[in-house]
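Visitor: In this note's numbering, the protein residues as written are 2 to 205.
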Ligand code: IMP
Ligand code: MG
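1. If you draw a straight line from the alpha carbon of residue 156 to that of residue 175, how long is it in whole angstroms?
2. Could you tell me the boundaries of the alpha helix (DSSP H) in which residue 38 lies?
3. Can you tell me where the beta strand (DSSP E) with residue 177 in it begins and where it stops?
4. Quick one: what does DSSP say residue 139 is sitting in, helix, strand or coil?
5. Taking 8 Å as the threshold, find out whether the stretch 181 to 193 comes into contact with the stretch 63 to 75 through three or more Cβ pairs.
6. Pull up the DSSP beta-bridge partners for residue 89, would you.
7. Can you tell me whether DSSP reads residue 13 as helix, strand or coil?
8. Who does residue 30 pair with in a DSSP beta bridge?
9. Taking buried to mean at least 16 other C-beta atoms within 10 Å of its own C-beta, is residue 118 buried or exposed?
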């Protein structure tokens, strides 16, 4: 493989978006940045320390909810030195838009094996609560020993379903955010920070 030139690397360092047909940087679509990469990683250090201590005597199985938790999962789990097992669950509830559809579609035929295990569910964000509540109820029917929930973000709002998280990265106001795994119409997941999208971007 040909190594990338410095110039090409520089170009790749600029994360670009083509919504509306125009090539612009993804950061330019943000109204403001809530958490930069450094803030996120420092908080993950704290979360990982807490989870590692809580599960030091138990065999932990992490179930990451895709696609939103992908980047969070990768950074958090590498900070936890326990011999944990990892499984993923792919669901859809937003169908690309801003509001939950209220319906959670499981893309997998066979759910992960959770019987007798200590489960930690990982998701990007707790919003209406529909997704995590539905998954939790579904997994509970398969007799896990325990289930806890860990989210990177928790919106402060009235939820449609009664569910809370045991581990939370950051509490945020009830506004639509993207980056660090979170998407709008499947874009912006690869932004290294988390920010609020400009209103114009969502209406075009
Ligand atoms: P809930 O079922 O409403 O709690 O949210 C479930 C999913 O909706 C999350 O896992 C995210 O993928 C997505 N979601 C909720 N709020 C946001 C947001 O502000 N930005 C991007 N995705 C979001
Ligand atoms: Mg989404």
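Virtual Cβ for every residue (Gly too), placed ideally from N, Cα, C. Fair warning: this is a prediction, and the values are worked out from it, not measured in the lab.
Guide: Looking at the atomic coordinates:
1. Answer to the nearest angstrom: the Cα atoms are 5 Å apart.
2. Element bounds for residue 38: 38 to 55.
3. Per DSSP, residue 177 belongs to no beta strand (DSSP E) and is neither H nor E.
4. Taken through DSSP and simplified to helix, strand or coil, residue 139 comes out as helix.
5. The stretch 181 to 193 vs the stretch 63 to 75: in contact.
6. DSSP, once it has assigned bridges, lists 65 as partnering residue 89.
7. With a pLDDT of 42 at residue 13, under the threshold of 50, the predicted position of this residue should be treated as unreliable, though the coordinate-derived value follows. Here residue 13 sits in helix by DSSP.
8. Answer is none; residue 30 lacks a bridge partner.
9. Classification of residue 118: buried, given that the 10 Å Cβ count is 16 or more.
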